[in-house]
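See structure below.
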Amino acid sequence: MPTASAPTSLAHTLVTDHTVYACVMGSRAFGLATEASDTDRRGVYVAPTALFWGFAKPPTHVDGPGEERFSWELERFCELALRANPNVLECLHSPLVEHLDATGAELLDLREAFLSRLAHQSFSGCATGQRRKLEADLRTHGAPRWKHAMHLLRLLISAGDLLRTGRLVLDVGERRERLLAVRRGEVSWAETEAWMTRLWEEAEAAAASTPLPAEPDRGERPAGASSNAGQAGIG
Numbered sequence: 544m545p546t547a548s549a550p551t552s553l554a555h556t557l558v559t560d561h562t563v564y565a566c567v568m569g570s571r572a573f574g575l576a577t578e579a580s581d582t583d584r585r586g587v588y589v590a591p592t593a594l595f596w597g598f599a600k601p602p603t604h605v606d607g608p609g610e611e612r613f614s615w616e617l618e619r620f621c622e623l624a625l626r627a628n629p630n631v632l633e634c635l636h637s638p639l640v641e642h643l644d645a646t647g648a649e650l651l652d653l654r655e656a657f658l659s660r661l662a663h664q665s666f667s668g669c670a671t672g673q674r675r676k677l678e679a680d681l682r683t684h685g686a687p688r689w690k691h692a693m694h695l696l697r698l699l700i701s702a703g704d705l706l707r708t709g710r711l712v713l714d715v716g717e718r719r720e721r722l723l724a725v726r727r728g729e730v731s732w733a734e735t736e737a738w739m740t741r742l743w744e745e746a747e748a749a750a751a752s753t754p755l756p757a758e759p760d761r762g763e764r765p766a767g768a769s770s771n772a773g774q775a776g777i778g
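In the working numbering, the protein residues as written are 544 to 778.
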């Protein structure tokens, strides 16, 4: 079975030498960056076919090299995208692309094929988990972590827009200032909670008439992937 980790030197070499797509995520991709914001980088690499021949398979993901950098092997990335994993789908739609080769370009060309009604469940599940953490903070500390509250609101906005329009757009646009006010703790928890509830209800209503297909389109996969690495791509 594939290993989730590997010796650091091999893992980092996979990222530095075999990345097909790399982008910036987090606050910078969402249009919520401040002077103090980190730069979160995400990427996809294609492990050489020969690495799949042994009993120890190449890593499905790699932390680093460097801080705030995380990459997926193409097969694992496609598996998660087909399940409508929010982090992976958003990675495919980042407006801040730092590296793109021919295989990466094919992957981006297929990004709409990954979008489906499965996003309703996956985004809702992610939002529910984040909401529970905020409620735990309230019970333990008497206040939420406002940065996390902002990002939950951002996720709910993204989910609602996706389900309503069938398109995934990361930049929050005109909602930026209000979201940053939440991050600074300038909006009461009651108001923030009411906004979350409204966004949740809007997303649920959008799900009932979403233009998204029931399932992702599995008709194709990135042709530049190896026969092993691309097995779980679209196709």
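For each residue, glycine too, the CB sits at the ideal point set by N, CA and C.
Mind checking which residues open and close the alpha helix (DSSP H) that includes residue i?
i: G586; result: Element bounds for G586: not the alpha helix (DSSP H) but the beta strand (DSSP E), 583-588.
i: A746; result: 732-751
i: A572; result: 570-573
Counting along the chain, where does the beta strand (DSSP E) carrying residue i start and finish?
i: D560; result: Segment 551-561 is the alpha helix (DSSP H) holding D560; no beta strand (DSSP E) there.
i: V725; result: Where V725 is concerned, there is no enclosing beta strand (DSSP E), although the alpha helix (DSSP H) it sits in stretches over 719-726.
i: D606; result: 604-606
Give me the Cα-Cα distance between residue i and residue j, rounded to the nearest whole angstrom.
i: T522; j: F595; result: Missing from the structure shown is residue 522; the chain here goes from 544 to 778 and no further.
i: G703; j: E745; result: 6 angstroms
i: A759; j: L658; result: Checking the sequence shown, residue 759 turns out to be Pro, not Ala. If I take the Cα positions, the gap works out to 6 angstroms.
i: G762; j: E678; result: 42 angstroms
i: P754; j: A662; result: 12 angstroms
i: L706; j: A648; result: 25 angstroms
i: G685; j: W732; result: 11 angstroms
i: R710; j: E610; result: 31 angstroms
i: T708; j: P638; result: 18 angstroms
i: S752; j: R660; result: 10 angstroms
i: R721; j: S552; result: 44 angstroms
Roughly how far, in whole angstroms, is the beta-carbon of residue i from the beta-carbon of residue j, given that I think they are within contact range, below 8 angstroms?
i: S614; j: R585; result: 7 angstroms
i: V558; j: Y588; result: 6 angstroms
i: D714; j: G574; result: 4 angstroms
i: A624; j: L635; result: 7 angstroms
i: E641; j: A565; result: 5 angstroms
i: K676; j: R726; result: In fact, because the Cβ distance is near 16 angstroms, the residues do not count as touching under 8 angstroms.
Apart from the five residues just before and just after residue i, which ones in its own chain have a Cβ nearer than 8 angstroms to its Cβ?
i: L497; result: Any answer about residue 497 is impossible in this case: the structure gives the chain only from 544 up to 778.
i: Q664; result: A627
i: S548; result: Because the pLDDT of S548 is 44, which lies under 50, any placement of that residue in the model is unreliable, and the number read from its coordinates should be weighed accordingly. Closer than 8 angstroms at Cβ, skipping near neighbours: A554, P602.
Short of 7 angstroms in beta carbon distance, which residues of its chain neighbour residue i, apart from the five on each side in sequence? Order them along the chain.
i: A590; result: L557, H561, P601, E616, A772
i: I700; result: V715, R718, L742
i: V730; result: A724
Worksheet entry | 3 or more residues per run - each beta strand (DSSP E) lying fully within the segment 612-689 | 612-616, 640-643
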